[in-house]
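First residue of the sequence shown? That's 50 in my numbering, and the numbers climb one at a time after it.
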Amino acid sequence: MKTRSEERSTFSSAGMVLGIMLVLAVCIALGGVLVSRRDVELRRERDRQAQHALGAGMQAEVHKLEDLYQAHLQSTGERLTHTWSDLETARRLAFNIEGIQHVAWLFWKSANPETQLNLSPAANPPLPEPTLEKEPRGIPRPRVLLDAKVLFREAGGRTSGWIDEPGKPLMFYVQTLGTAVVMMIDREAIGSAMTSHFQTWLAEGFQSVAKLGGPDAVQDFHGKILSSTGELPTHQPDVLGPVISRFGVWQVVSWDMRETHTTYHLPTLAGALALAVLVAGCGIWMSTQQRRASLLAAQRVSFVNRVSHELRTPMTNILLNLDVIEDSVPDATLGRFNLVREEAGRLSRLIENVLTFSRQEEGRLKLNNTRCCPTDIVDGITRQFEPALRRRDISLTRIHEGEKSEAMLDADALAQITGNLLSNVEKYAPKAAAMLHTRQNENEFILTVTDGGPGIVAGEVERVFEPFYRIDDRVQAGVSGAGLGLAIARDLALRMGGTLELIPSEKGASFQLHLDLFSTS
Numbered sequence: 050m051k052t053r054s055e056e057r058s059t060f061s062s063a064g065m066v067l068g069i070m071l072v073l074a075v076c077i078a079l080g081g082v083l084v085s086r087r088d089v090e091l092r093r094e095r096d097r098q099a100q101h102a103l104g105a106g107m108q109a110e111v112h113k114l115e116d117l118y119q120a121h122l123q124s125t126g127e128r129l130t131h132t133w134s135d136l137e138t139a140r141r142l143a144f145n146i147e148g149i150q151h152v153a154w155l156f157w158k159s160a161n162p163e164t165q166l167n168l169s170p171a172a173n174p175p176l177p178e179p180t181l182e183k184e185p186r187g188i189p190r191p192r193v194l195l196d197a198k199v200l201f202r203e204a205g206g207r208t209s210g211w212i213d214e215p216g217k218p219l220m221f222y223v224q225t226l227g228t229a230v231v232m233m234i235d236r237e238a239i240g241s242a243m244t245s246h247f248q249t250w251l252a253e254g255f256q257s258v259a260k261l262g263g264p265d266a267v268q269d270f271h272g273k274i275l276s277s278t279g280e281l282p283t284h285q286p287d288v289l290g291p292v293i294s295r296f297g298v299w300q301v302v303s304w305d306m307r308e309t310h311t312t313y314h315l316p317t318l319a320g321a322l323a324l325a326v327l328v329a330g331c332g333i334w335m336s337t338q339q340r341r342a343s344l345l346a347a348q349r350v351s352f353v354n355r356v357s358h359e360l361r362t363p364m365t366n367i368l369l370n371l372d373v374i375e376d377s378v379p380d381a382t383l384g385r386f387n388l389v390r391e392e393a394g395r396l397s398r399l400i401e402n403v404l405t406f407s408r409q410e411e412g413r414l415k416l417n418n419t420r421c422c423p424t425d426i427v428d429g430i431t432r433q434f435e436p437a438l439r440r441r442d443i444s445l446t447r448i449h450e451g452e453k454s455e456a457m458l459d460a461d462a463l464a465q466i467t468g469n470l471l472s473n474v475e476k477y478a479p480k481a482a483a484m485l486h487t488r489q490n491e492n493e494f495i496l497t498v499t500d501g502g503p504g505i506v507a508g509e510v511e512r513v514f515e516p517f518y519r520i521d522d523r524v525q526a527g528v529s530g531a532g533l534g535l536a537i538a539r540d541l542a543l544r545m546g547g548t549l550e551l552i553p554s555e556k557g558a559s560f561q562l563h564l565d566l567f568s569t570s
């Protein structure tokens, strides 16, 4: 039989189980959709005649710019071959040409010393000086060793060209009659100048590509976009059209059109959805079964309550009539009469316990404090139990200490607590000694019931106060009861502002009730 709080807990648990199972089903379904999903990217190549034409046009423009720059270097170098002794004039000539960082004069079989003109003194790290000398002279400084056979292959005539070798700076030299002028070129500066030129050139040159809608772009040698059309994707271009120069590489980049088609792997999706439906169905079934069980338990509780109420009135009448006819019962049948009254009293206590427990669970139990003497109440209940205790060969010793005064408390609750404790002695301590001890003063009332039974092991100390818990629940054990007595007794004690505890004892079990008393004056 479930309690009302347990019924509410079961309904809540059923809803929680259903919620968890439905969430799990949704997760399985979503997981199946994600796992079965297949995103296929289709790439469609584009016609790139305009892009190829743009790349060819830029390459032609690069050659044109390179030839023009080389012509300026050639002319300046020829003039510098005659000004090695006049560095101011040489400086003015070199400054007229973009990108010259350093000028060196080198001589073939001549007593003239090598002359260096650094046009970028703030360069960091310092620029290396072109030289033919294998052994440095003077203060050590950065040097780049050149091959005299290349510079002076026609020492009696005129030669010029680029020195563009790995590990060396870019240089252009002009040699006239054994005097070589080597100009160190800033590759980055010339590349940037060409990029500036292309930005203007692309304003018209990129129009044929822009009309196509892209995505297409032109990048400089740092990857910076100079011109573009369309929304540029983040992934790498599908086609690269390099525009190559000794000063850098520009790129005409282009992307193909892409379309993403989403499909689903049907076996995986169907399996996941089927599993999700199965999990959801199981959740609904489990929740339904739990709710059905809870409703059935509630109906059983309601039935027990109704039966208990129906039995209470006739049982009260039976006990009253037994008291009335007690004096007229013949001595020969007095023993049987007393047995009937004991069993009727036992049944009455069971009915009261069931009704009290039902009111506790439904929140309808209220105490009614009246002026009474707690010691007299305990004595009255003890007298009711004396025949039953004698029948079980239990020797009960009654001890009282202190005063016997009245106080404000619920007499019925104290009587029920006392009856449940003595009923416990009757059930579990046959043929043994027991003691009921009370102590009262103006502030407190203490009731201690000790029996000589088998006692309660440490692991059962708190469980004995749980509803429906019995130390030996077997029918064959010969112990009657529903397991409600101690649970009801503790609850009533707490409602009265007191405590009911199982205290240590040398033998058997010892329960102690402690109540705070309030004066009736």
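Beta carbons: idealized from backbone N, C-alpha and C, even for Gly.
Report the rounded CA-to-CA distance for residue i versus residue j, giving the unit in angstroms.
i, j, result
"ARG385", "ILE367", "15 Å"
"MET457", "GLU493", "11 Å"
"THR130", "SER303", "47 Å"
"LEU67", "ARG341", "14 Å"
"PHE567", "THR548", "16 Å"
"LEU275", "GLY262", "16 Å"
"GLU550", "SER559", "8 Å"
"ALA99", "LYS113", "21 Å"
"ILE505", "LEU318", "60 Å"
"GLY297", "PRO218", "14 Å"
"MET545", "ASN417", "10 Å"
"GLU455", "ALA482", "30 Å"
"LEU562", "ALA462", "12 Å"
"LEU281", "GLU214", "36 Å"
"SER241", "PRO191", "26 Å"
"GLY279", "LEU289", "17 Å"
"GLY332", "ALA78", "15 Å"
"LYS453", "LYS415", "26 Å"
"VAL199", "TRP211", "11 Å"
"GLY206", "ASP196", "17 Å"
"LEU155", "THR225", "11 Å"
"THR138", "LEU166", "11 Å"
"GLU94", "GLN285", "15 Å"
"HIS449", "ARG440", "24 Å"
"ALA143", "ASP265", "40 Å"
If I'm right that residue i touches residue j with Cβ under 8 Å, what's the distance once you round it to whole angstroms?
i, j, result
"LEU533", "PHE517", "7 Å"
"THR312", "VAL89", "7 Å"
"LEU470", "VAL513", "Rounded, the Cβ-Cβ distance is 12 Å, inconsistent with contact."
"MET573", "ILE234", "Past the edges of the chain, shown from 50 to 570, lies residue 573, and the structure says nothing about it."
"VAL84", "ALA325", "Rounded, the Cβ-Cβ distance is 12 Å, inconsistent with contact."
"VAL223", "GLY126", "3 Å"
"GLY501", "GLY557", "5 Å"
"LEU19", "GLN465", "Only positions 50 to 570 of the chain appear in this structure, which leaves residue 19 out of reach."
"ASP287", "ASP305", "5 Å"
"ALA329", "ALA74", "4 Å"
How should residue i be labelled, buried or exposed, when 16 other C-beta atoms within 10 angstroms of its C-beta is the threshold for buried?
i, result
"VAL13", "This structure leaves residue 13 out entirely; the chain is present only between 50 and 570."
"SER419", "Contrary to the premise, residue 419 reads as Thr rather than Ser in this sequence. Counting Cβ neighbours within 10 Å, THR419 comes out exposed, since fewer than 16 surround it."
"ALA252", "exposed"
"TRP334", "exposed"
"PRO291", "exposed"
"PHE247", "buried"
"GLU110", "buried"
"VAL258", "buried"
"MET65", "exposed"
"PRO316", "exposed"
"ALA538", "buried"
Per the DSSP calculation, residue i is bridged to which residue(s)?
i, result
"HIS449", "THR487"
"ILE552", "SER559"
"THR312", "ARG87"
"PRO291", "GLN300"
"THR419", "LEU458"
"TRP211", "PHE221"
"THR228", "PHE156, THR225"
"ASP500", "ALA483"
"PHE245", "For the sequence presented, residue 245 should be read as Ser rather than Phe. In DSSP, SER245 forms no bridge with anything."
"ARG307", "ARG92"
Flag residue i as yes if its beta-carbon sits less than 8 Å from any beta-carbon of chain D, otherwise no.
i, result
"ILE400", "Looking at the structure shown, chain D is missing, and only one protein chain is on hand."
What ranges does the beta strand (DSSP E) occupy inside the region 109-195, keeping only unbroken runs of at least 3 residues that lie completely in it? Runs of the beta strand (DSSP E) inside the region 109-195: 149-156, 164-167, 178-180, 192-194.
Which ranges would you report for the alpha helix (DSSP H) in the region 247-284 if only whole runs of at least 4 residues count? When DSSP assignments are scanned along the region 247-284, the uninterrupted stretches of alpha helix (DSSP H) that are 4 or more residues long and fall wholly within it turn out to be 256-259.
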